[in-house]
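Here is the structure we will look at, set down as structure tokens.
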Amino acid sequence: MPPYDKKVPCASIKTYYANYDMIRCFAFILVLLQHFFAECLRAGIVIPQYASWLIGRAITMGNVGSALFFLLSGSLLWLNHKRDNWKSFYKSQLFKLYLPIWVSYLFFAIIYFAKEGVLWDISVGQIIFPLLGGNHFVEPINNKFGYIPLNLVGEWFTSIIIILYIAYPILRWMFKSQKRIFFTLIIFIVFFANFYYPILLYQDGHISVTIGFFYFWIGMYCEEYKERLSKI
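Quick note on numbering: UniProt numbering labels position 201 of the sequence shown as 201, and the sequence is numbered without any gaps.
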């Protein structure tokens with residue numbers, strides 16, 4: 001539950017969270033449009049010339065939606081879990097995060113096995129990595145041992161969100177530290193340096209861990225200084 005302040009009317013709290021929901025819906029629409037139009041192009045659907053520019057912009061705006069989701073995650077975790085014990089945080093939040101992944105994975109696994117009928121060809125490793133949400137970060141293992149993860153649900157975004165949740169107690173300590181400015185500079189430097197020295201990119205640069213950390217950290221800042229920002 002969010003921290004309750006008796007000085008703040010309940011109506012204000014509801015309005016506050018409604019604003020977050022509006023941002024979340026906007027981000028969802030951007031990501032949805034990106035995937036929809038990308039699949040249209042992949043399927044060979046002819047796009048009218050007058051709409052090609054708009055569709056091209058819609059596809060790239062999916063990156064904005066992903067950034068907003070990372071930013072919201074940082075804001076809401078900082079809002080609701082500033083003082084949580086790390087054990088209780090992991091126990092409650094990771095379960096909430098993993099549960100829909102596991103349920104959806106089981107659902108699509110049943111459909112996949114019913115359609116393909118290859119249950120006996122699936123190794124334990126092919127199932128474990130996707131269930132942990134880390135199948136997008138074992139590419140070196142894939143190349144060396146020929147490991148092919150069974151990707152049924154979850155995108156690169158899901159994997160980075162899981163990493164951010166696991167790292168949140170450390171990020172929270174960094175944010176509360178007197179060296180917050182120093183840590184902020186480090187995160188910014190790593191983020192921009194990664195464009196030139198892509199050591200934290202995966203799958204030909206499609207997945208960037210630093211993007212997640214960068215916008216997550218900005219989200220924590222936005223929540224911490226929301227009153228000042230509202231006056232700008």
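The beta carbon of each residue, even a glycine, is placed where N, CA and C say it ideally should be.
Worksheet item: residue 208 by DSSP, collapsed to three states: which one?
Response: strand
Worksheet item: I think residue 209 touches residue 163, with their Cβ atoms under 8 Å apart; what is that distance to the nearest whole Å?
Response: Confirmed, Cβ separation roughly 7 Å.
Worksheet item: When the distance is taken between beta carbons, is residue 73 closer than 9 Å to residue 219?
Response: Yes; because the gap between Cβ atoms is below 9 Å, this pair is in contact.
Practice prompt. Measure the C-alpha to C-alpha separation of residue 156 and residue 31 and round it to an integer number of angstroms.
Written response: 13 Å
Fill in: Simplified DSSP assignment, three categories, for residue 190
helix
Discussion item. Please tell me whether residue 183 and residue 174 are closer than 9 Å, where the distance is taken between their beta carbons.
Written reply: Closer than 9 Å, so yes.
Worksheet item: For residue 82, which of helix, strand or coil comes out of DSSP?
Response: coil
Worksheet item: By DSSP, does residue 152 sit in helix, in strand, or in coil?
Response: Looking at residue 152 - three-state DSSP - the assignment turns out to be coil, as it is neither helix nor strand.
Worksheet item: Between which two residues does the alpha helix (DSSP H) carrying residue 197 extend?
Response: First-last for residue 197: undefined, no H or E at that position.
Discussion item. For residue 213 and residue 21, I'd like the C-alpha separation in whole angstroms.
Written reply: In this structure, the CA atom of residue 213 is about 21 Å from the CA atom of residue 21.
Fill in: Continuous alpha helix (DSSP H) stretch holding residue 48: start and end
For residue 48, no alpha helix (DSSP H) segment is defined, and its DSSP state is neither H nor E.
Item to complete: Report buried or exposed for residue 95, applying the criterion of at least 16 other Cβ atoms within 10 angstroms of its Cβ.
Response: Exposed, because fewer than 16 other Cβ atoms sit within 10 Å of the Cβ of residue 95.
Fill in: residue 7 to residue 82 span [Cα, whole Å]
Low local confidence applies: a pLDDT of 43 at residue 7 is under 50, so the model's placement there is unreliable, and no value is given.
Discussion item. Under DSSP, the alpha helix (DSSP H) around residue 234 begins and ends at which residues?
Written reply: With the chain covering only 1 through 232, there is no way to say anything about residue 234.
Fill in: Given residue 109 as reference, the closest of 62, 18, 40, 152 once Cα atoms are compared
152
Worksheet item: Which residues in the same chain as residue 24 place their Cβ atom closer than 7 Å to its Cβ, once the five residues preceding and following it in sequence are excluded?
Response: 72
Discussion item. Among 35, 181, 190, whose alpha-carbon lies nearest the alpha-carbon of residue 55?
Written reply: 35
Worksheet item: Would the beta-carbon of residue 211 fall within 9 Å of that of residue 66?
Response: yes
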